[in-house]
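Q:
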Amino acid sequence: MNEAFRRGVRLGIPYSLAGFLISLSFGALAVQSGFSPLQAIVMSAVVHAGSAQFAGLSIVAAGGGALPGILAGGLMNARFLAMGIALAPSLTAGPVVRGLQGQAIVDPSWALANRGDGTFDRWQLFGSTVPQYVGWFSGTVVGAAAGGVIGDTDRFGLDAIFPTFFLGLLIAELQDPRSRWVAAAGAAIALALVPFTPPGIPILVAAAAAVVGLRR
Amino acid sequence: MTIWLLIGGMALLTIAIKAAGPVLLGGRELPSWASGVVALMPPVLLAALVVTSVFSDGQRIGVDASVVGVAAGGLLLWRGRPLVLAVIAAAAVTALVRALA
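Chains as they are written, first to last, in the numbering used here: chain S, 1362 to 1577; chain Z, -3 to 97.
This is the structure we're talking about:
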């Protein structure tokens, strides 16, 4: 195992603990919404994307059907398309291996592996996804098993964990004035679009602020 | 059955989304303007995720107890406290505000 991979594992552990709590509330909510515990656990194992899982769950629980649920999850995950494009030049293997390596993209790993000059430390990215996957999976197992007992997870304020988690990543990215400016612009664009577009789209459109930011 | 379709469909779609960039664009240099955009992408995407997860519920914009909790967590992060402490504080403050409201 190389040094960057080990550093990634170490950096991923705090995010893994926070992710454990988020997926615990996902597991509990899924079981309360009519998922079997097995379905909740399999979903976390094969999707591993919090915002998409919550979006798909809420649509199916409201009787919206599978296809709208899949599309809503896909829109939440559309940001991974931008992240994958950004990461691509830092991956040097053949196309099939690159496609597999792309599966390691989750928000914290991608943000932490970003060197700030447009390139990524790919081994660090792979490493930091490993503990996060374990945390995400095991949190769902606990939440799904205890879902009937836990009751409303909002009572414990667990819904505040998801934004705080991303705030932690964001603060680390705001070192220079230009980052702060584009972050503020991205936030404003995203909020302005919320009432008019399906969830997920505002985040993707906000990425356009990065292009505008470069022009300045 | 609907739930299994949701799980299978979302898994395949997520795999395709994550694979698209690396498969199609991998291993070649981006033009220099593009690496500039890439460098600015994390603050933008993360800021958009934070505000939409705090202030929106579906297509509605609103404020609830979690805003106070996230602000408390954010203050701790700003002062350099560990992430795990910040998320636990955010949850605890949110739970407290809800219990009092």
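Quick reminder that beta carbons are idealized off the backbone N, C-alpha and C, glycines included. Please read all numbers here as calculations on a predicted model, not as lab measurements.
#1: Compare the C-beta of aspartate 1520(S) against all C-beta atoms of chain Z and say whether one is closer than 8 Å.
#2: With phenylalanine 1387(S) as the anchor, note down where its alpha helix (DSSP H) starts and where it stops.
#3: Let me know the secondary structure DSSP gives aspartate 53(Z) once reduced to three states.
#4: Have a look at Ala1474(S), Ala1427(S), Trp1497(S), Gly1529(S) and flag the residue whose alpha-carbon is nearest the alpha-carbon of arginine 1368(S).
#5: What's the gap between the Cα of tryptophan 1471(S) and the Cα of threonine 10(Z)?
#6: Under 9 Å between beta-carbons, which chain Z residues line up against leucine 1372(S)? List them in chain order, please.
#7: Helix, strand or coil: how does DSSP classify phenylalanine 1517(S) here?
#8: Going by alpha carbons, who is nearest to leucine 1448(S) out of Arg24(Z), Met(-3)(Z), Ala7(Z)?
#9: Does phenylalanine 1396(S) come out as helix, strand or coil in the three-state DSSP assignment?
#10: Cutting at 7 Å between CB atoms, please list the residues of its own chain near leucine 1382(S), excluding the five before and the five after it.
#11: List the DSSP bridge partners of phenylalanine 1481(S).
#12: Can you name, in chain order, every residue of its own chain whose Cβ lies under 7 Å from the Cβ of methionine 1444(S), other than the five neighbours on each side?
#13: Classify glycine 1488(S) as helix, strand or coil using the three-state DSSP reduction.
#14: Among the candidates Ser1377(S), Leu1432(S), Phe1387(S), Ile1374(S), whose CA atom is the shortest distance from the CA of leucine 1(Z)?
#15: Quick check: alanine 1391(S) and glycine 1561(S), are their CB atoms within less than 8 Å of each other?
#16: Residues in its own chain within less than 8 Å of arginine 1541(S) by CB, not counting five upstream and five downstream?
A: The structure says:
#1: Residue 1520(S) sits at position 159 when you count from the first residue of the first sequence. Closer than 8 Å: yes.
#2: On the first sequence, residue 1387(S) is found 26 positions in, with the first residue counted as 1. Per DSSP, phenylalanine 1387(S) belongs to the alpha helix (DSSP H) from 1364 to 1393.
#3: Mapped onto the second sequence, residue 53(Z) falls at position 57. Strand, per DSSP.
#4: For this step, residue 1368(S) is matched to residue 7 along the first sequence. Selected option, being the one with the closest Cα: Ala1474(S).
#5: If you number the first sequence from 1, residue 1471(S) lands on position 110. If you number the second sequence from 1, residue 10(Z) lands on position 14. C-alpha separation (whole angstroms): 16 Å.
#6: Along the first sequence, one-based indexing puts residue 1372(S) at 11. Near leucine 1372(S) there are no residues of chain Z at all, since even the closest Cβ is about 11 Å away, more than 9 Å.
#7: Locating residue 1517(S) in the first sequence gives position 156, counting from the first residue. Phenylalanine 1517(S): helix per DSSP, three-state reduction.
#8: Counting from 1 along the first sequence, the entry for residue 1448(S) is found at position 87. Among Arg24(Z), Met(-3)(Z), Ala7(Z), the Cα nearest to that of leucine 1448(S) belongs to Arg24(Z).
#9: By one-based count along the first sequence, residue 1396(S) stands at place 35. Three-state DSSP puts phenylalanine 1396(S) in coil, outside helix and strand.
#10: Against the first sequence, residue 1382(S) aligns to sequence position 21. Counting only Cβ-Cβ distances below 7 Å, and skipping sequence neighbours, we find Gly1500, Leu1519, Ile1522.
#11: Taking the first residue of the first sequence as position 1, residue 1481(S) is located at position 120. Answer is Asn1475(S).
#12: The count along the first sequence starts at 1 and reaches residue 1444(S) at position 83. Within the same chain, methionine 1444(S) has close Cβ partners Ile1466, Trp1471.
#13: Taking the first residue of the first sequence as position 1, residue 1488(S) is located at position 127. Helix.
#14: Residue mapping note: residue 1(Z) aligns to position 5 of the second sequence, counting from 1. Leucine 1(Z) has its Cα closest to that of Leu1432(S), out of Ser1377(S), Leu1432(S), Phe1387(S), Ile1374(S).
#15: For the purposes of this step, residue 1391(S) is taken as the residue at position 30 of the first sequence. For the purposes of this step, residue 1561(S) is taken as the residue at position 200 of the first sequence. Cβ distance not < 8 Å, so alanine 1391(S) and glycine 1561(S) don't count as in contact.
#16: As a working mapping, residue 1541(S) is identified with position 180 in the first sequence. These residues qualify, in order along the chain: Leu1535.
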